[in-house]
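Numbering (the numbering used here), first residue to last: 84 to 232.
We put the CB at the ideal spot given by N, CA and C, even for glycine.
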Amino acid sequence: MTAACGAMVLGLARFMFPNTLVEPPMTFKIGPPSDYPPSRSRPSSRPKRGIWIVRSTMYNGQDQIVAISTVCTHLGCTPNWLEGEQKFKCPCHGSGFYKSGVNFEGPAPRPLERHGLQLAPDGMLEVDKSKKFQEELGQWEDGTSFVNS
């Protein structure tokens with residue numbers, strides 16, 4: 084009888100503490116700009132964070148570091164980086180994206196999104212995933228969507 088009451092109390096206590104999902108912080112540091120040299124051809128992947136860090140002059144001729152979302156703009160799959168072809172390729176429906184994130188093949192309707200990026204006071208690059216920038220809306224020109232190198 085005591086065991087049954089104890090089990091019932093524990094069962095009821097379980098409802099006092101709801102399930103919570105621990106989300107990673109939306110703002111985080113990824114190291115100094117020197118960690119992303121111009122000679123590096125491969126984007127730096129942060130799979131747990133859902134971003135690639137890319138240093139490139141491909142978009143507008145300026146040497147920029149950007150944080151690109153790993154979510155395809157077609158149906159939300161995760162494109163892979165193909166080193167030999169120097170492009171992102173979505174395995175779901177074949178969308179292709181240049182290193183800059185601009186789409187050029189397949190059904191993706193628009194470029195990959197960028198996340199906010201700034202140089203923190205301590206000299207580290209800081210990503211802000213709460214900020215999203217879309218190229219087709221002219222938002223890639225916003226100074227908080229890239230860091231000039």
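First and last residue of the beta strand (DSSP E) that includes residue i?
| i | result |
| --- | --- |
| H198 | R197 to L202 |
| Y142 | That residue, Y142, is in no beta strand (DSSP E); it is neither H nor E in DSSP. |
Grouping DSSP H, G and I as helix and E and B as strand, with all else coil, what is residue i?
| i | result |
| --- | --- |
| D205 | coil |
| T227 | helix |
| T85 | helix |
| S127 | strand |
| E106 | coil |
| G178 | The sequence given here places Ser at residue 178; Gly does not occur at that position. Three-state result, S178: coil. |
| L220 | helix |
Could you compute how far the alpha carbon of residue i sits from the alpha carbon of residue j?
| i | j | result |
| --- | --- | --- |
| S232 | L202 | 10 Å |
| L158 | D118 | 32 Å |
| C155 | N186 | 10 Å |
| E109 | R132 | For the record, residue 109 in the displayed sequence is Met; it is not Glu. Approximately 9 Å, taken between the alpha carbons. |
| G114 | L208 | 6 Å |
| K182 | M91 | 58 Å |
| Y142 | E106 | 32 Å |
Whose CA, out of the options, lies closest to the CA of residue i?
| i | options | result |
| --- | --- | --- |
| S213 | R123, P190 and S228 | S228 |
| P116 | Q222, E196 and L200 | L200 |
| W164 | Q222, P120 and I136 | I136 |
| R125 | Q147, F111, D146 and F171 | F171 |
Can you name, in chain order, every residue of its own chain whose Cβ lies under 8 Å from the Cβ of residue i, other than the five neighbours on each side?
| i | result |
| --- | --- |
| R193 | T156, N186, Q217, E218 and E219 |
| E188 | G177, S178 and G179 |
| C175 | C155, H157, L158 and C160 |
Leaving aside the five residues before and after residue i along the sequence, list all residues of the same chain whose C-beta is less than 7 Å from its C-beta, in chain order.
| i | result |
| --- | --- |
| H198 | I134, A150, S152, V210, D211, K212, K214 and K215 |
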